[in-house]
Structures are given as structure tokens and as C-alpha cells.
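Residue numbers (the numbering used here): 14 to 548. Using N, Cα and C, we set each Cβ at its ideal position, and we do this for glycine too. Keep in mind it's a predicted model, so treat the numbers as computed, not measured. In what follows, a single structure is set out as C-alpha cells and then discussed.
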Amino acid sequence: MHIVVTLGFPEGKDQFHPITKEGAQMTSNGLGWMIVDALDTLILMNLTSQLVHAREWISSSLNYNQDQEVNTFETTIRMLGGLLSAHYLSTEFPDMAPISDDDEGAAGEDLYFEKAKDLADRMIGAFDSPSGIPFASVNLRTSAGIPSHEDGGASSTAEAATLQLEFKYLAKLTGEVFYWQAAEKVIKVIDDNESQDGLVPIYIYAHNGHFRGENIRLGSRGDSYYEYLVKQYLQTSKEEPIYKEMWDEALTGIRKNLITYSKPSRFTVLGEKPAGLSGDLLPKMDHLVCFIPGTIALAVTEGISQSEAKKLPSWTPKKDEEMRLAQELLLTCWGMYKVTATGLAPEIAHFEIENPPLTEAAPHNPPQELVNSEGAKWKKDFIIKNNDKHNLQRPETIESIFYMWRITGDFKYREWGWEMFQSFMDHTAVNGGAGGFSSLSNVDSIPPVARDNMESFWLAETLKYFYLLFSPNDLLPLDKVVFNTEAHPFPRFHMEPLFKTGWKRKQRSPGNMQKPALVETTTLEVTTETKLPTK
Numbered sequence: 014m015h016i017v018v019t020l021g022f023p024e025g026k027d028q029f030h031p032i033t034k035e036g037a038q039m040t041s042n043g044l045g046w047m048i049v050d051a052l053d054t055l056i057l058m059n060l061t062s063q064l065v066h067a068r069e070w071i072s073s074s075l076n077y078n079q080d081q082e083v084n085t086f087e088t089t090i091r092m093l094g095g096l097l098s099a100h101y102l103s104t105e106f107p108d109m110a111p112i113s114d115d116d117e118g119a120a121g122e123d124l125y126f127e128k129a130k131d132l133a134d135r136m137i138g139a140f141d142s143p144s145g146i147p148f149a150s151v152n153l154r155t156s157a158g159i160p161s162h163e164d165g166g167a168s169s170t171a172e173a174a175t176l177q178l179e180f181k182y183l184a185k186l187t188g189e190v191f192y193w194q195a196a197e198k199v200i201k202v203i204d205d206n207e208s209q210d211g212l213v214p215i216y217i218y219a220h221n222g223h224f225r226g227e228n229i230r231l232g233s234r235g236d237s238y239y240e241y242l243v244k245q246y247l248q249t250s251k252e253e254p255i256y257k258e259m260w261d262e263a264l265t266g267i268r269k270n271l272i273t274y275s276k277p278s279r280f281t282v283l284g285e286k287p288a289g290l291s292g293d294l295l296p297k298m299d300h301l302v303c304f305i306p307g308t309i310a311l312a313v314t315e316g317i318s319q320s321e322a323k324k325l326p327s328w329t330p331k332k333d334e335e336m337r338l339a340q341e342l343l344l345t346c347w348g349m350y351k352v353t354a355t356g357l358a359p360e361i362a363h364f365e366i367e368n369p370p371l372t373e374a375a376p377h378n379p380p381q382e383l384v385n386s387e388g389a390k391w392k393k394d395f396i397i398k399n400n401d402k403h404n405l406q407r408p409e410t411i412e413s414i415f416y417m418w419r420i421t422g423d424f425k426y427r428e429w430g431w432e433m434f435q436s437f438m439d440h441t442a443v444n445g446g447a448g449g450f451s452s453l454s455n456v457d458s459i460p461p462v463a464r465d466n467m468e469s470f471w472l473a474e475t476l477k478y479f480y481l482l483f484s485p486n487d488l489l490p491l492d493k494v495v496f497n498t499e500a501h502p503f504p505r506f507h508m509e510p511l512f513k514t515g516w517k518r519k520q521r522s523p524g525n526m527q528k529p530a531l532v533e534t535t536t537l538e539v540t541t542e543t544k545l546p547t548k
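Here it is in C-alpha cells:
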């Protein structure tokens, strides 16, 4: 981390290429993508000298007044989230990476907060659509929302519904209700479609708030919608039960429609339904799906340990079932690592399943341990296609391992995490890690071919979750904070006196079998977009 900061941060580059030791900008002036996303990691790791350089650059060079289109979601979770988290940690925990009052951007200057508010005021125009669903992109100078250049102009449902933690926390800090209302309205519009079994299609139009198509998945475009249902409920200290209700409905829908078991070893698989819930189940799991074991466990215990939660009168057999599901899904995600030559997961794994697919209630007995012998039977369950063999340093599995360790206290999760970290060190580290870490083109070749790219989420998420996995449990305790989808921690808070849940759900019919609203594909006129790295 030390040398990575030295190489990549002084010029505020948006991208870092660790092999050629070059940085690149995504806009003419740069947005400080790497440095802002990594701020709270620097603070947590007590990297004071690197943090001094980072703050100096932010104070003197970070300028969001650019005639530049940016992705609404990515800029919110990485930039706004990074600044808000740095503000939280530096004000609430000043002993972390302490900085003297003489340093540029000292705590009294509210540097992170002021930059966050400036950015949010430029981003807020994305919500100014006819429906309230945010446009996929926004111009930082004009604050004008811009429809997606793909998918008929529709926004990603996950992207639209993964802005709420950030804007609600900013509303709490500023007392400005309009941030809260803009973020909250998005969830109402989505929920008003009354999607079947709480599962939402992955695209939604900003101009009318209707879904585009019926594709259901918890990978890209769908994932963090479900994550933020749980986390919105926890962020406001469980004072908004509407989000817990929506989560419970969605998890029931996941178990009913998307869970099955692989052949021959019966790993638990969370598949996709590209043609809607009445269509066939596709036995495919993106690495992105591996956020769900940790999210389920967090929802079950609400952040306290499982042993504590089981003592409460609210504990039920259903919670036991959900914890079992979380643990089985995490085993599948861990298998995606163990099955490859490098010990690092591919971007996507496929599975062979029964026809018709087994339901969640079917008897199954997955391996208890994944013995890494050459002819191990369990390895036959994982099908890795040539186009899916790359590894982008994604955080989802180590994220779920971190949650499962904190919640269960089972030491095997630390063992898994350490083995995973060693694989990253062995196969992605440049100059032993001193030069950074690179994405890989093929996790099944030794030595693997490096892609010469280090994602900002490697610093913001993956490394942070590794660090927290082996840190004391009272460092950012799960019953006191929520992590946004980019692993930026925010405090839980109470809504009163300024804020409240400003909407109610439509009355549902028994079984909630209404089909999601569909609209014809529409192409909207759009301008050229700067491509940002996707999470």
C-alpha cells in the first residue's frame, strides 16, 4: 500500500497501471478516482504520511467543476462515499492517522465534507427525471442528467437504487431534506411496479419509472439493489421497517426462484432468470453475486454476533435456515477460488444442474471441506469458460468472509481469507506488492498473464476487507456502522427530528403475483460518455 500510494497518488490519477508504473486520467483534468476511493483505507491502516499527501492534493487540486459526463452510480459510491467516509473517520476517530493542525486540509477545515457537498450538489441533477429514477450519467458542471447510451436509455436498477446510503448520510450531516427525498423517491418508484416475489428486473426507465424487460439476476445491474434494502434499514437504526419488509420479501423470492444445487456435489447455486421468473433458470454465478452470503448474514443478526442474536426472543427457525443458506453460498464462492490453478476466482462460474432444477428444499450434502487434490470430485461442479477466466481483484467473496467471521466467529473464515490473500500476493503482486497489484487475464494458468491494471476497488474494498478480517472486532463494529457498496463505512443514526420515511408501499395481493410492468424498448438521444471502470 505504501509504494502504491507513492506511485499513483501525487498526480491524482484516475487509473493506475502497476507494471508500467503509469497513471491515466478518465477526464481531461482527472477526478482523483484512486486517491479519493482509498482515503478511508489510508486512515484505517494509519498510513499518516500517505494521507498527508492525499489531503494536500485534494485541497489544492481536486476540482469537480468540469464540463464532464460521469456515471451517477460509480461517482456516488466511490467519490461521494469515499469523501463522506473520510469525513466520518477523521472526525469521529481522530486518533486514526492523526494529522497536525498545520497540515493542508486539517480536520478543522472540513475538507472532506466540503468536497463531498460540492460533488453531491453537482450530482443531484441526475435525479431530476420525470419519474424520479436517476439518469445513468450526469454532467458535473451543468448538473444535467443524461440517459444511458445503451439499453434503450434505461438506467440500471441496481445503480439507481444504490445511491441512498450516501445521500441520506449527507442529508443527516447538512440537515438538507432534499437529498433525502431524492434518494428515497427512487425506492418508491421501483416498488410501485409491484414486481413478483420482490425480485426486480435489472433495467428501469428514468422517463417513466417502468422496468425494461424481465431479466432477474443478482449479478451486475441487480446486485446492490438488494444489498441497500438491508443497509438502509440498518443505517437509520432500524427505524424504517419498510426496507426490512422489502428485503424479507426479496430473500423469500430468491429462495423460491433462484436457488438450486449443482451436479454432482450439490453446491448451492444462486442462478439467473434472463426471461423472467417464468423462464428457465441459468446456473451461472458472477463473482459479483458473492456479496449475498454476507448480506444475508448481516440481515439475520442485524450486525451482532450469531451467538448473541440466538439469545433474543426474535430468533426463529427461519433465521437458522437463512444462516445455513448464507454459509452454503459462501462455500460455493470459496470453491470458485479453490478450483483454479492460481487459487483466485474467475469472473464467472457456470454449473451443471438437474432438469428440472432442484428446489431449495431438496436434500443436498455439499462437501464440508474443499480438498485441493488433482482428482477431487467436487471440482467437476465448476465450469469456467475461456472468456470468464479473468480476475479483476473483486472484493465480494472476501467481503462475505469478513461478515461471516464477525457474525459467526468461525476461525475457518480467517483461514480462507489468509489463503486467498496469499494467492493474491503470489500471483498479482508487482515487485512483491511494492509496485502494486494487477488484474489477471487467466486464473487457470501458471504464471498468469497480468493485465497491467489495478482497480480502485482493490484499495477501497478488497484490501480493506482483508485488513478488517484480521483486525479486532471492535474496529468498525457491525452494529454501529454500515458499509456502502464500495466498503466505505458510515455511522448508523436516528432520523429525528428532520427526517422520516416519506412513502408507503402499495397494498399487495396475496402471493404478490403481479407481473413486472414492461415497456417497449426506446432509444433516446444521448451524447458521448466517458467510460468509467465498473464495479
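Pairwise C-alpha distance: Q340 and A417: Per the sequence shown, residue 417 should be read as Met rather than Ala. In this model, M417 and Q340 are separated by some 8 Å (Cα to Cα).
Bounding residues of the beta strand (DSSP E) (the contiguous stretch that carries S150): Start and end: S150 to N152.
Residue(s) in a DSSP beta bridge with D299: DSSP lists I361 as partners of D299.
Residues near W46 by beta carbon distance below 6 Å, same chain, minus five either side: Closer than 6 Å at the Cβ level, and outside the excluded window around W46, lie D27 and S469.
V202 - partner residues in DSSP beta bridges: V202 is bridged by DSSP to nothing; it lacks a bridge partner.
DSSP three-state assignment for S275, whether helix, strand or coil: Correct three-state label for S275: strand.
Residues near K398 by beta carbon distance below 8 Å, same chain, minus five either side: Contacts found: I361 and H363.
Contact check, H100 vs F126, beta carbons under 8 Å: Yes, Cβ-Cβ distance for H100 and F126 is below 8 Å.
Between the CA atoms of A389 and E382 - distance to the nearest angstrom: Pairing E382 with A389, the inter-Cα distance amounts to about 11 Å.
Minimum length 4: unbroken alpha helix (DSSP H) runs contained in the segment 444 to 503: Runs found: 476 to 482.
Proximity below 8 Å, CB of P160 to CB of A173: No, the Cβ-Cβ distance between P160 and A173 is not below 8 Å.
Burial state of K324 (16 or more Cβ within 10 Å): With a threshold of 16 other beta carbon atoms within 10 Å, K324 falls short and is exposed.
Three-pair Cβ contact test at 8 Å for the segment 96 to 110 versus the segment 497 to 513: Yes, they touch.
Element boundaries [beta strand (DSSP E), containing A5]: Lying before the first or after the last residue shown, residue 5 is absent from the chain, which here runs from 14 to 548.
Nearest-angstrom Cα separation, counted from K276 out to E387: Their Cα atoms are separated by approximately 18 Å.
For T281, the three-state DSSP class (helix, strand or coil): Of the three classes helix, strand and coil, the one that applies to T281 here is strand, per DSSP.
Chain-order list of residues whose beta-carbon lies under 7 Å from that of I32 (same chain, five-residue window excluded): Result list for I32: V443, S451, A463 and D465, in chain order.
Residue environment, L491, which counts as buried when at least 16 other CB atoms sit within 10 Å: Buried: at least 16 other Cβ atoms inside 10 Å.
Proximity to L242 [Cα-Cα], best of G289, S156, N455 and I305: Out of G289, S156, N455 and I305, I305 has the C-alpha closest to the C-alpha of L242.
Contact check, T175 vs Y238, beta carbons under 8 Å: Yes. Within cutoff.
Reduced DSSP category for Y192 - H, G, I as helix; E, B as strand; rest coil: Looking at Y192 - three-state DSSP - the assignment turns out to be helix.
Helix, strand or coil at G166 [DSSP, three-state]: Helix at G166.
Same chain only: Cβ atoms within 7 Å of Y256, ignoring 5 sequence neighbours per side: Counting only residues of its own chain and dropping the five nearest sequence neighbours on each side, Y256 has a CB closer than 7 Å to the CB of L242, Q245 and Y246.
Spatial distance of N497 from E252 (CA atoms): Taking the straight line joining both Cα atoms gives about 18 Å.
Spatial distance of A288 from Q209 (CA atoms): Looking at the two C-alpha atoms, the distance is approximately 13 Å.
Given 8 Å, three or more beta-carbon pairs between the segment 189 to 203 and the segment 129 to 144: Verdict: yes, contact present.
The segment 292 to 304 touching the segment 317 to 331, judged by at least three CB pairs closer than 8 Å: The segment 292 to 304 is not in contact with the segment 317 to 331.
Touch test, the segment 174 to 192 against the segment 84 to 100, Cβ-Cβ under 8 Å, three pairs minimum: Yes: at least three Cβ pairs fall under 8 Å.
Between the CA atoms of F415 and L481 - distance to the nearest angstrom: When rounded, the distance between both Cα atoms is 7 Å.
Same chain, Cβ closer than 6 Å to F29, five either side skipped, listed in chain order: Excluding positions up to five away in sequence, the list reads G21, G36, M47 and M467.
Proximity of I4 and M109 at Cβ, strictly below 8 Å: The chain is shown only over 14 to 548; residue 4 falls outside these bounds and no answer can be derived.
Cβ-based burial, S436 [other Cβ within 10 Å; buried from 16]: By the neighbour-count criterion, in which 16 or more other beta carbons inside 10 Å mark a residue as buried, S436 falls on the buried side.
Contact test: L186 Cβ vs the ligand MG heavy atom, cutoff 7 Å: The ligand MG is absent from the structure shown, which contains no ligand whatsoever.
Bridge partners - F224, DSSP secondary structure assignment: In the DSSP output, where bridge partners are listed per residue, F224 has I217.
Coil, strand or helix - K324 by DSSP: Coil at K324, not helix or strand.
Straight-line Cα distance separating A195 from I411: Each residue's Cα considered, the two are about 32 Å apart.
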